[in-house]
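K.L.:
In this note's numbering, the protein residues as written are 1 to 540.
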């Protein structure tokens with residue numbers, strides 16, 4: 001895969017989705033082939049923003065695990081079903097492979113032939129019948145076309161091995177006969193009279209002009225070859241289509257999107273030398289061997305708005321991380337090679353990306369400016385979050401000018417769109433913006449809903465309490481919470497699992513109850529997580 005994939009965290013919020021889009025645009029302008037992706041379903045706020053500025057939603061990325069297609073296997077090592085046995089044998093010899101996939105005229109996998117199959121057919125196969133193309137006969141016998149009327153040759157092979165009089169008196173020829181003969185003109189004349197399918201002249205034998213004229217009138221195929229009759233007899237069976245021999249249609253194959261580790265397990269179990277590689281449409285792409293798995297083309301990725309393995313895409317350990325752009329604390333993620341890591345204490349990843357546009361003298365288009373402005377407003381709660389910096393405010397004003405949008409009015413419309421929870425279950429609301437943390441061996445989960453109408457949740461508080469307690473038991477959380485942040489009134493309401501109450505009380509030094517109103521608490525990153533970390537660090 002040549003493209004660099006850019007994506008945010010597993011629970012995509014507006015900042016992470018927009019960061020992937022805006023950074024991809026910048027990178028592409030700088031000549032780096034990039035594509036934005038998302039690791040989960042986007043929320044209603046983000047959807048509103050993308051629709052408003054007419055930006056296409058990024059595709060979903062399931063994982064970046066190594067797949068069969070990520071290794072340098074023998075691509076294109078396959079042959080058409082109309083290829084001759086002779087050419088297939090030579091192909092396998094040249095490529096030093098023992099198994100060769102066969103495809104039909106549409107490129108779809110038909111079966112596979114091995115050297116053993118060809119050897120078996122050479123001993124026990126049907127050598128009296130020929131079913132192949134005119135061209136295959138020419139290639140295998142290194143012949144010359146004297147007269148050609150049929151693309152495909154199907155008939156019974158016969159060698160003129162008797163004396164001429166005996167042959168003419170006792171051997172019956174038919175329109176299905178393929179006659180192998182030297183310069184025995186009386187037999188050639190007899191064959192033409194009987195209207196045979198083909199005459200193969202051995203030893204560069206010549207045909208009389210009158211015989212050739214008559215043969216052409218009867219549309220009889222004729223070729224000549226330098227090989228003597230004995231050698232033609234040995235090689236004629238190799239002219240057959242490869243599918244005429246017993247093709248194994250049950251050879252174990254692998255799909256190109258299959259995880260590489262699964263293929264390695266399969267190869268270690270089955271011990272075959274070669275495995276055909278098939279795509280999702282059933283087309284064969286080549287063959288893979290266990291030895292090929294040593295050369296891997298890891299997927300190239302850039303992470304935005306996160307730098308912790310737990311929050312990132314599955315299989316990240318198999319990828320090449322090219323760059324990280326984030327505004328959170330430095331997390332658990334490590335790399336094997338030095339990379340560009342841009343981390344700034346600002347309210348939004350898009351504030352950092354704005355600076356990258358300026359540093360590289362790339363103009364920000366109106367639609368990209370609009371979504372970047374929206375992302376900064378979303379992450380800073382229109383500058384009410386304590387994570388907000390003067391740089392965030394300045395960048396929003398500049399972007400709003402490019403986008404030609406009244407950012408204050410737009411912010412209210414955006415927050416209302418993001419606050420719509422009608423027809424959503426408590427679980428959907430909890431996980432819409434949810435992050436996992438491991439702090440001193442304690443498993444912590446914190447969901448946050450930013451809304452202009454907190455009563456929509458408060459009126460169903462028991463549903464949320466029951467949900468949090470159930471998730472705690474099923475997933476072994478020490479603390480799992482939902483903070484419902486009231487954007488208008490600068491506060492948050494907290495719901496939590498019963499087991500986690502003491503952690504919250506020690507963290508904020510107040511008595512907690514379900515749905516407690518916490519004035520001035522707006523930021524998970526700068527207020528909630530640091531308080532919990534301090535408490536758990538002290539315990540250990």
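We treat Cβ as the ideally placed atom computed from N, Cα and C, and that holds for glycine.
From a predicted model like this one, the values you see are computed outputs, not experimental measurements.
Quick one, are the C-beta atoms of residue 451 and residue 487 less than 9 Å apart?
P.N.:
In the chain shown, counting from the first residue as 1, residue 451 sits at position 451. In the chain shown, counting from the first residue as 1, residue 487 sits at position 487. Yes, Cβ-Cβ distance for residue 451 and residue 487 is below 9 Å.
K.L.:
From the DSSP output, read off the bridge partner residues of residue 224.
P.N.:
As a first step, residue 224 is located in the chain shown; it is residue number 224 there, counting from the start. According to DSSP, residue 224 bridges with 144 and 201.
K.L.:
Under a three-way DSSP split, which group does residue 511 fall into?
P.N.:
Here residue 511 corresponds to residue number 511 of the chain shown, with the count starting at 1. Three-state result, residue 511: coil.
K.L.:
Considering only the alpha carbon of each residue, which of 164, 150, 465 and 282 lies closest to residue 257?
P.N.:
Within the chain shown, the letter at position 257 stands for residue 257. Checking every option, the nearest Cα to that of residue 257 belongs to 282.
K.L.:
For residue 426, which of helix, strand or coil comes out of DSSP?
P.N.:
Looking up residue 426 in the chain shown gives position 426. DSSP places residue 426 in helix when its eight states are reduced to three.
K.L.:
Does residue 112 come out as helix, strand or coil in the three-state DSSP assignment?
P.N.:
Within the chain shown, the letter at position 112 stands for residue 112. Looking at residue 112 - three-state DSSP - the assignment turns out to be strand.
K.L.:
Nearest CA to the CA of residue 312: which residue from 29, 64 and 216?
P.N.:
Counting from one through the chain shown, the residue named residue 312 turns up at place 312. For residue 312, the nearest C-alpha among the options comes from 64.
K.L.:
Could you work out which residue in 332, 409 and 521 is closest to residue 436 when comparing CA atoms only?
P.N.:
One-based indexing of the chain shown puts residue 436 at position 436. Ranking 332, 409 and 521 by Cα distance to residue 436 puts 332 first.
K.L.:
Assuming residue 362 contacts residue 26 (C-beta within less than 8 Å), just tell me the rounded distance between them.
P.N.:
For this step, residue 362 is matched to residue 362 along the chain shown. For this step, residue 26 is matched to residue 26 along the chain shown. At roughly 6 Å, the Cβ-Cβ gap stays under 8 Å, so residue 362 and residue 26 are in contact.
K.L.:
Does residue 173 pass the burial test, meaning 16 or more other C-beta atoms within 10 Å, or should it be called exposed?
P.N.:
In the chain shown, counting from the first residue as 1, residue 173 sits at position 173. With 16 or more Cβ atoms within 10 Å of its Cβ, residue 173 is classed as buried.
K.L.:
Note down, in chain order, each residue of its chain lying with its Cβ closer than 6 Å to the Cβ of residue 13, except the 5 sequence neighbours on either side.
P.N.:
Walking along the chain shown from the start, residue 13 turns up at place 13. Only 433 meet the Cβ criterion.
K.L.:
When the Cα atoms are used, what is the spatial distance from residue 385 to residue 522?
P.N.:
For the purposes of this step, residue 385 is identified with residue 385 of the chain shown, where counting begins at 1. For the purposes of this step, residue 522 is identified with residue 522 of the chain shown, where counting begins at 1. C-alpha separation (whole angstroms): 6 Å.
K.L.:
May I ask you to report which of helix, strand or coil DSSP gives residue 30?
P.N.:
Counted from its first residue, the chain shown places residue 30 at position 30. Residue state, collapsed to three classes: coil.
K.L.:
Which whole-angstrom value is the C-beta distance of residue 321 and residue 293, which I expect to be below 8 Å?
P.N.:
Here residue 321 refers to the residue found at position 321 when the chain shown is read from its first residue. Here residue 293 refers to the residue found at position 293 when the chain shown is read from its first residue. With a Cβ gap of about 22 Å, residue 321 and residue 293 do not count as contacting.
K.L.:
Taking the C-alpha atoms as reference points, what is the distance between residue 484 and residue 455?
P.N.:
Residue mapping note: residue 484 aligns to position 484 of the chain shown, counting from 1. Residue mapping note: residue 455 aligns to position 455 of the chain shown, counting from 1. Approximately 10 Å between the Cα atoms of the pair.
K.L.:
Does DSSP put residue 481 in a helix, in a strand, or in coil?
P.N.:
Translated into positions along the chain shown, residue 481 becomes position 481. Strand, per DSSP.
K.L.:
Do residue 137 and residue 88 have their C-beta atoms closer together than 9 Å?
P.N.:
The sequence position of residue 137 within the chain shown is 137, counting from 1. The sequence position of residue 88 within the chain shown is 88, counting from 1. Result no, Cβ atoms of residue 137 and residue 88 do not sit closer than 9 Å.
K.L.:
Per DSSP, which residues does residue 181 bridge with? Please list them.
P.N.:
Against the chain shown, residue 181 aligns to sequence position 181. For residue 181, which the question treats as bridged, DSSP gives the partners 201.
K.L.:
Can you tell me whether residue 289 is helix, strand or coil according to DSSP?
P.N.:
Here residue 289 is taken as the residue at index 289 of the chain shown, counted from 1. In this structure, residue 289 counts as coil in the three-state DSSP scheme.
K.L.:
Spatial neighbours of residue 531 within its chain, please: C-beta separation below 7 Å, excluding the five flanking residues on both sides.
P.N.:
Taking the first residue of the chain shown as 1, we reach residue 531 at position 531. Taken in chain order, the residues that qualify are 507 and 508.
K.L.:
Are residue 16 and residue 442 close, meaning C-beta to C-beta below 9 Å?
P.N.:
As a working note, residue 16 is residue 16 in the chain shown. As a working note, residue 442 is residue 442 in the chain shown. In this structure, residue 442 does not lie closer than 9 Å to residue 16 by Cβ.
K.L.:
Within this structure, are the beta carbons of residue 544 and residue 180 separated by less than 9 Å?
P.N.:
A question about residue 544 goes unanswered here, because the residues of the chain that appear run from 1 up to 540.
K.L.:
Determine contact between the stretch 394–404 and the stretch 371–378, defined as no fewer than three beta-carbon pairs at a distance below 8 Å.
P.N.:
Cβ pair count under 8 Å is three or more, so yes.
K.L.:
According to DSSP, what are the bridge partners of residue 284?
P.N.:
Within the chain shown, numbered from 1, the residue matching residue 284 stands at position 284. DSSP output for residue 284 lists 278 as bridge partner(s).
K.L.:
Just to confirm, are residue 5 and residue 61 a CB contact at a threshold of 9 Å?
P.N.:
Counting from 1 along the chain shown, the entry for residue 5 is found at position 5. Counting from 1 along the chain shown, the entry for residue 61 is found at position 61. Contact: yes.
K.L.:
Within the same chain, show all residues whose beta-carbon is closer than 6 Å to that of residue 457, passing over the 5 residues directly before and after it, in chain order.
P.N.:
Against the chain shown, residue 457 aligns to sequence position 457. 484.
K.L.:
Can residue 547 and residue 242 be called in contact, C-beta distance under 9 Å?
P.N.:
Nothing can be reported for residue 547, as the shown portion of the chain is limited to 1 through 540.
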